[in-house]
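If you're matching positions, the sequence shown starts at 7 in the working numbering and goes up one per residue. Just so you know, even glycine gets a beta-carbon here, dropped at the ideal spot from N, CA and C.
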Amino acid sequence: MSLPHFYLHDQVIADEPGQEFPLRLAPDDAKHARVLRLAPGEHVAVVDAAQDYFECEIVSFEDQIPVVCVARRFDDGASGPSVVLVQGLAKGDKMETVIRHATELGVSAFVPLACERSIVKLDAKKGAAKAERWRAVAKSAAMQSGQRSMPEVNEPMALAEACSLVKNATAVLVCWEEAPQTASLSDAISNGLARNGMLAGDARIAVVVGPEGGLTQREVDALLECNPSAALVTLGPSILRTETAGIVAPALVLYELRRMADARRRGLEDARPAAFDLDLDAEGDSRASGPTMPIADALGEGVRKGSGFARLPRKGLA
7 MSLPHFYLHD QVIADEPGQE FPLRLAPDDA KHARVLRLAP GEHVAVVDAA
57 QDYFECEIVS FEDQIPVVCV ARRFDDGASG PSVVLVQGLA KGDKMETVIR
107 HATELGVSAF VPLACERSIV KLDAKKGAAK AERWRAVAKS AAMQSGQRSM
157 PEVNEPMALA EACSLVKNAT AVLVCWEEAP QTASLSDAIS NGLARNGMLA
207 GDARIAVVVG PEGGLTQREV DALLECNPSA ALVTLGPSIL RTETAGIVAP
257 ALVLYELRRM ADARRRGLED ARPAAFDLDL DAEGDSRASG PTMPIADALG
307 EGVRKGSGFA RLPRKGLA
């Protein structure tokens, strides 16, 4: 069973003088801990202000605040690739929907983008208030889904600001309904990795999704010019709602990055001497068979080699 997650904003566990210490929880987190009815002996996951990740055991309570000791420290290694979602401002609760579900997927940062076709227009004061609400949504989703860290949620940005923010990304993938169907997400990511000499596990990919009505040609041109590894990508032949695309696109990107990282790891393992199985054919003669591969990979290999399998639809974005 996954552990309840808590995030500490102003407490570094390594600086605590004793083995047992109270968690300095934000008021809403302290309330959440009470709702969970945590008891001594139970364990929780804690990410502190230094972004270190611990499993802690509750030993007691002080004024309803958990007093804990560290049970173990989780791996310090990088948690994997980073995906930043640049989401065109959308009306109603669509932004909350996108932020909630994309956080559950593992998106590391959100950039709300004020677009020419955005129905919602926010001044600085309203934008700051919205950002606070979106951060609360992201925090709740991160706690619920057990994320290693909370995503960063920026205040709404103009196009020029967003372009400046993503100019050093490994790749900028601009999801556009007018992109050719051959503009695959996989190719765009691979090109970005190759251009930057970077592995998939270390990549920082920006994904851009327009608002209702989509991105204008001027916005697309600016986004493509802001980064040498920027590219148009398609999510397939269907026209998706902005709140759908804002979830589907980063999900595909994260899947593709993890697939690439796994393929590299498997490649390194395959470079070692392989263990062969000995089977018997119909005549009883022995024959060697190589290592097996997952069914999904085998199906994909069959399609690539033109086997009799029905052709699988190619995922447009990645």
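Problem - Reference Q70; option with closest CA among L42, E183, V76, P234 - result: L42
Practice task
May I ask which residues mark the beginning and end of the alpha helix (DSSP H) holding C62?
Solution key: First-last for C62: 59-68, but that is the beta strand (DSSP E), not the alpha helix (DSSP H).
Exercise for the section: Determine, using beta carbons only, whether P87 and L29 come nearer to each other than 8 Å. Expected result: no
Practice task
Please report how far the alpha carbon of S151 lies from the alpha carbon of E110, in whole angstroms.
Solution key: 5 Å
Problem - Nearest candidate by alpha-carbon position, reference P33, set A236, H15, L221 - result: Nearest option by C-alpha distance: H15.
Exercise for the section: Report the rounded CA-to-CA distance for V180 versus G252, giving the unit in angstroms. Expected result: 12 Å
Practice task
With a 10 Å radius around its C-beta and 16 neighbouring C-beta atoms as the bar for buried, classify Q93 as buried or exposed.
Solution key: Its Cβ being crowded by 16 or more others within 10 Å, Q93 is buried.
Handout entry: Buried versus exposed, by CB contacts within 10 Å (16 or more), Q25
Key = exposed
Practice task
Output the boundary residues of the alpha helix (DSSP H) element that contains E138.
Solution key: DSSP places E138 in the uninterrupted alpha helix (DSSP H) bounded by 130-151.
Problem - DSSP three-state assignment for G290, whether helix, strand or coil - result: Only weak support is given to the placement of G290: the predicted model assigns it a pLDDT of 45, under 50, and the question is left unresolved by the model.
Exercise for the section: Give every residue of the same chain whose Cβ lies closer than 8 Å to the Cβ of P186, excluding the five residues on either side of it in the sequence, and list them in chain order. Expected result: L238, T240
Exercise for the section: Given a cut-off of 8 Å, decide if R270 and L230 are closer than it, judged by their beta-carbon atoms. Expected result: no
Handout entry: A20, buried or exposed, once every other Cβ within 10 Å from all chains shown has been counted against 16
Key = Label assigned to A20: exposed.
Exercise for the section: Could you tell me how far apart the beta carbons of M156 and A137 are, in whole angstroms, since I believe they sit closer than 8 Å? Expected result: Rounded, the Cβ-Cβ distance is 14 Å, inconsistent with contact.
Exercise for the section: Taking the CB atoms as reference points, tell me whether V89 and I211 lie closer together than 8 Å. Expected result: Judged by beta-carbon spacing, I211 lies within the 8 Å limit of V89, meaning their Cβ atoms are closer than that value.
Handout entry: DSSP state of E218 mapped onto helix, strand, coil
Key = In the structure shown, E218 sits in coil (DSSP, three-state: anything other than H, G, I, E or B).
Handout entry: Where Q223 sits in the DSSP three-state scheme
Key = It is helical.
Exercise for the section: Go through its chain and collect everything with a Cβ distance to K97's Cβ below 6 Å, but skip five positions before and after it. Expected result: I125, V126
Problem - Length of the line joining the Cα atoms of G220 and G47 - result: 52 Å
Exercise for the section: Tell me whether E63 counts as near the ligand COA, meaning its Cβ is closer than 7 Å to at least one heavy atom of that ligand. Expected result: Among the components modelled here there is no ligand, and therefore nothing to report on the ligand COA.
Handout entry: Beta-carbon proximity check, A199 vs T222, cutoff 8 Å
Key = A small correction: the amino acid at residue 199 is Leu; Ala does not occupy that position in the sequence shown. For L199 and T222, no; Cβs fall outside 8 Å.
Handout entry: Inter-residue spacing [alpha-carbon to alpha-carbon] between V254 and L260
Key = 10 Å
Practice task
Output the boundary residues of the alpha helix (DSSP H) element that contains L191.
Solution key: 191-202
Practice task
Locate the alpha helix (DSSP H) running through E110, then write down its first and last residues.
Solution key: 100-111
Practice task
Throw me the rounded Cβ distance for the L95 and A130 pair, which I believe falls under 8 Å.
Solution key: Incorrect: roughly 14 Å between the Cβ atoms, too far for contact.
Exercise for the section: For V178, collect the residues of the same chain with a Cβ closer than 6 Å to its Cβ; drop the 5 residues on either side in sequence, then sort them by chain order. Expected result: V172, A212, N233, A236
Problem - M156 in three-state terms, based on DSSP - result: coil
Practice task
Enumerate in chain order the residues of its own chain whose CB-to-CB distance from I64 is below 8 Å, with the five nearest sequence positions on each side excluded.
Solution key: L44, A45, P46, G47, E48, H49, V50, P72, V73, V74
Handout entry: D54 versus N160, L31, P23, residue with shortest Cα-Cα distance
Key = L31
Handout entry: Under the three-state DSSP convention, the category P256 falls into
Key = helix
Problem - Among K100, D81, F80, A115, nearest to L91 - alpha-carbon criterion - result: When only C-alpha atoms are compared, the closest one is A115.
Practice task
Within its chain, find whatever has a CB closer than 8 Å to the CB of A142; leave out the 5 residues flanking it on each side and keep chain order.
Solution key: D34
Exercise for the section: Taking all protein chains shown into account, decide if T248 is buried (16 or more other Cβ within 10 angstroms of its Cβ) or exposed. Expected result: buried
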